[in-house]
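Asker: Pasting in a structure now, in structure tokens, and then I'll have a few things to ask.
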Amino acid sequence: MDRLEKEHVLEAALFMSPKAMTIDELKAVAFVESRMETKTLLKELISHYNSKKSALEIVELPIGYQMRVKGKYEEDVAHLATDSTFSKGVMKTLALIAYKQPIEQALVVKYRNNKAYDHLKILFENGFIKKEPKGRTYTLTTTTKFIEYFGKDFGKK
Numbered sequence: 027m028d029r030l031e032k033e034h035v036l037e038a039a040l041f042m043s044p045k046a047m048t049i050d051e052l053k054a055v056a057f058v059e060s061r062m063e064t065k066t067l068l069k070e071l072i073s074h075y076n077s078k079k080s081a082l083e084i085v086e087l088p089i090g091y092q093m094r095v096k097g098k099y100e101e102d103v104a105h106l107a108t109d110s111t112f113s114k115g116v117m118k119t120l121a122l123i124a125y126k127q128p129i130e131q132a133l134v135v136k137y138r139n140n141k142a143y144d145h146l147k148i149l150f151e152n153g154f155i156k157k158e159p160k161g162r163t164y165t166l167t168t169t170t171k172f173i174e175y176f177g178k179d180f181g182k183k
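According to the working numbering, the sequence shown holds residues 27 to 183 in order.
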């Protein structure tokens, strides 16, 4: 497979993948010799998308690379995506955790009310948050699944 063909396979893989892909995953799917060559091909792809007037972009996230709609166009086409599986209340609870992380569960319940316990259960079961015991409560943070799903990493404060 020549260089251009490998680049096309990387592009297709990023387009088809519902989640961010690691260098190793991309290397394997495009039959690239090394991680360095994979990174070089990705840089060329990113440059290509940045230079043309495209509604798509390839971004490097802490967990890998992802192709997505540029923020400028996201609102215009968001309704075409599959419906969210979470209620507005669950999403508000998740937003609070993402913005304030690491945050204690007791504070989330204080800000969001007792329904937050149900929200936290849903978010934990779906892999969007993780919890670490801290005394009689838990410390909550988002997971890599959160980053893959939303394409954002608010980081730890």
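All C-beta atoms, glycine included, are put in the ideal place defined by N, C-alpha and C. This one's a predicted model, so the numbers in the text were calculated from it and none came from an experiment.
What do you reckon, are the CB atoms on A46 and G90 nearer than 8 angstroms?
Answerer: For A46 and G90, yes; Cβs fall inside 8 angstroms.
Asker: Thinking just about the alpha-carbon of each residue, which of T66, M93, V134 and Y175 is nearest to the one in S80?
Answerer: The shortest Cα separation from S80 among T66, M93, V134 and Y175 belongs to M93.
Asker: When the Cα of L122 is compared with those of H145, S73, E51 and A104, which residue comes out closest?
Answerer: Per the Cα distances, H145.
Asker: I'd like the ranges of any beta strand (DSSP E) spanning at least 3 consecutive residues and lying wholly in the stretch 76-110.
Answerer: Entirely contained in the stretch 76-110, the beta strand (DSSP E) runs reaching 3 residues are, in chain order, 82-87 and 90-95.
Asker: What residue range does the beta strand (DSSP E) around T170 cover?
Answerer: Taken as a continuous stretch (DSSP letters only), T170 belongs to no beta strand (DSSP E), being part of the alpha helix (DSSP H) at T170 to F176.
Asker: Since L120 and L71 are thought to touch, with beta carbons under 8 angstroms apart, how far apart are those beta carbons, to the nearest angstrom?
Answerer: Not a contact, Cβ separation roughly 31 angstroms.
Asker: Here's the rule: buried if 16 or more other CB atoms are within 10 angstroms of the residue's CB, otherwise exposed. What is K183?
Answerer: Confidence at K183 is low in this model, with a pLDDT of 46, below 50, so the placement of that residue should be treated as unreliable; the coordinate-derived value is given next. Burial call: exposed.
Asker: What are the boundary residues of the beta strand (DSSP E) that E158 is part of?
Answerer: Note, E158: beta strand (DSSP E), I155 to K160.
Asker: Exposed or buried, what is L40 when buried is set at 16 or more other beta-carbons lying within 10 Å of its beta-carbon?
Answerer: With 16 or more Cβ atoms within 10 Å of its Cβ, L40 is classed as buried.
Asker: On the DSSP letters alone, give me the boundaries of the alpha helix (DSSP H) that T119 sits inside.
Answerer: Element bounds for T119: K114 to K126.
Asker: For the alpha helix (DSSP H) containing K53, name the first residue and the last one.
Answerer: First-last of the alpha helix (DSSP H) with K53: I49 to V55.
Asker: How is the alpha helix (DSSP H) around E59 delimited, first residue to last?
Answerer: Careful: E59 lies outside any alpha helix (DSSP H) and carries neither H nor E.
Asker: Would you call Y142 buried or exposed, if buried means 16 or more other Cβ atoms sit within 10 Å of its Cβ?
Answerer: A quick correction: the sequence has Ala, not Tyr, at residue 142. A142 comes out buried.
Asker: Given this structure, state the Cα-to-Cα distance separating T168 from S60, to the nearest angstrom.
Answerer: One C-alpha to the other measures close to 31 angstroms.
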